[in-house]
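Step one of this worksheet: look at the structure below.
In the working numbering, the protein residues as written are 769 to 1078.
Below, the structure is given as structure tokens:
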């Protein structure tokens, strides 16, 4: 059964060296497991953890995956690579790979220092709309999910995203230093990465990027705060370009079964990921829409050319 949820995915086809062979001796593999000619690999190092979890969950769900070069590679990739392809004017995911399934996403959070004069997201949004240049923001590198989130927030508020004063940082820790040091008035990043500072009272959360509130966290969603955004730093599984239809159908079926399995949901809880399953044709349609949204936000931010420019 396919479930429709609104989040985002991207491309990154480099670094395919990590295959499924390492899990070949997994004791959780069921007897009489189905043998499939697939190896699962990360499109880049940032997706290595998800790849390991997906591979392990596949084995524990009764799928024996190949680990040799003759196998068809299923690549785990995500939103940062999708955005990078747009910024670099490179080939897009739908042009270079066969979409299989969206897997999971990291919910983002907008935070401010504990002593911030912004009482809530409405206060912050009002200043961002009125004085974007005087509202310094921090997060991950330019063009990556944290920056995209602020671009979407600006768009939702009706603010000029090109006027946003955003500084990208290599790590969440450096973004936190900028926030505590007064070099930024707000920051965005994965909720998982900000939980310790939230728990210790160093920062306050104004809103989360998911459509609904997060269990155990008394923080409104952006939708509740008047900004129509449902967003996550998502990842997905794709096959090679021109993947044979029978192989594609088998891979999609495997992804659907693994996405509904207890081992996968356990892995998502441990990794701080939100399961956001969507597969087959539904996923392909969503990916086209997500690509268009990402391109539009990057244009708003001035990171890609607007139509009619070079």
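For each residue, glycine too, the CB sits at the ideal point set by N, CA and C.
Please read all numbers here as calculations on a predicted model, not as lab measurements.
Query                                                                                                                   : Result
Segments assigned beta strand (DSSP E), at least 3 residues, entirely inside the stretch 1004-1077                      : 1042-1047
Check whether residue 901 and residue 931 have beta carbons under 8 Å apart                                             : yes
Identity of the residue in 852, 813, 1002 nearest residue 1071 by Cα                                                    : 852
Residue(s) in a DSSP beta bridge with residue 803                                                                       : 832
Nearest-angstrom beta carbon gap, residue 1023 and residue 872 [assumed within contact, 8 Å]                            : With a Cβ gap of about 12 Å, residue 872 and residue 1023 do not count as contacting.
Close-in-space but distant-in-sequence residues of the same chain around residue 914 (CB under 6 Å, 5 per side omitted) : 907, 908, 956, 957
Where residue 812 falls: helix, strand or coil (DSSP)                                                                   : coil
C-alpha distance - residue 992 paired with residue 975, whole-angstrom precision                                        : 9 Å
Pick from 1007, 953, 977 that is closest to residue 887, judged by C-alpha positions                                    : 953
Three-state class that DSSP yields for residue 930 in the structure shown                                               : helix
Contact check, residue 874 vs residue 1001, beta carbons under 8 Å                                                      : yes
Same chain only: Cβ atoms within 8 Å of residue 1036, ignoring 5 sequence neighbours per side                           : 821, 872, 1042, 1043
Collapsed DSSP secondary structure at residue 848 in the structure displayed                                            : helix
DSSP state of residue 883 mapped onto helix, strand, coil                                                               : coil
Inter-residue Cα distance where the pair is residue 1115 and residue 847                                                : Here the chain has residues from 769 to 1078 only, and residue 1115 is not among them.
Residues near residue 789 by beta carbon distance below 6 Å, same chain, minus five either side                         : A caution first: residue 789 carries a pLDDT of 35, below 50, which makes its placement in the model unreliable, though a value can still be read off. Closer than 6 Å at the Cβ level, and outside the excluded window around residue 789, lie 835.
Of the residues 840, 892, 1025, the one placed nearest residue 870, counting alpha carbons only                         : 1025
Boundaries (first-last residue) of the alpha helix (DSSP H) holding residue 948                                         : 940-948
Among 1063, 921, 922, 912, the one whose alpha carbon lies nearest that of residue 939                                  : 912
Residue interval of the alpha helix (DSSP H) (run including residue 960)                                                : 959-967
Bridge partners - residue 900, DSSP secondary structure assignment                                                      : None; residue 900 has no bridge partner.
Nearest residue (CA-CA) to residue 1061, options 1010, 1007, 919, 959                                                   : 919
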